[in-house]
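Taken in order, the sequence shown gives residues 782 to 869; the numbers are from my numbering.
Don't be surprised by glycine CBs; every beta carbon is placed ideally from N, CA and C.
Keep in mind it's a predicted model, so treat the numbers as computed, not measured.
Shown next, in structure tokens, is the structure this report addresses.
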Amino acid sequence: METVKLRNGVEMPQLGYGVYQVSPSECERCVRDAISVGYRMIDTAQAYFNEQNVGNAIRSCGVPRNELFIVTKVWISNAGYERAKASI
782 METVKLRNGV EMPQLGYGVY QVSPSECERC VRDAISVGYR MIDTAQAYFN
832 EQNVGNAIRS CGVPRNELFI VTKVWISNAG YERAKASI
């Protein structure tokens with residue numbers, strides 16, 4: 782999988798698995814399956830209402846957390862550093 786080198790030297794995948802419109806009941810399994818076939822970046826958002834399922838999949842997938850990239854978006858009402866930090 783192609784990567785992009787971040788300023789800190791870490792290689793981040795250019796392609797991730799998105800969970801938009803993945804139902805919460807299927808999300809955990811889908812994320813585990815994505816990780817098992819090689820995805821190392823998962824894209825989610827508070828508006829998808831499945832972040833907890835993503836977290837469960839990450840905890841149970843067997844891949845060390847430091848090998849995974851989790852990308853999320855926060856609600857506009859959570860904009861700003863302190864609010865965003867508290868909301869995740």
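About 6 Å separates the Cβ atoms of Val855 and Gln827, confirming a contact at the 8 Å cut-off. Sixteen is the threshold: when 16 or more other Cβ atoms of the shown chains lie within 10 Å of the Cβ of Ile816, as they do, the residue is buried.
Ile839: member of the alpha helix (DSSP H) spanning 832-841, first to last residue. Closest by C-alpha distance to Ile869, out of Thr825, Cys842, Val844, is Thr825. In this model, Gly797 and Asn859 are separated by some 24 Å (Cα to Cα).
Per DSSP, Val812 is not a residue of any beta strand (DSSP E); the alpha helix (DSSP H) it occupies stretches across 805-817. Sixteen is the threshold: since fewer than 16 other Cβ atoms of the shown chains lie within 10 Å of the Cβ of Asn789, the residue is exposed.
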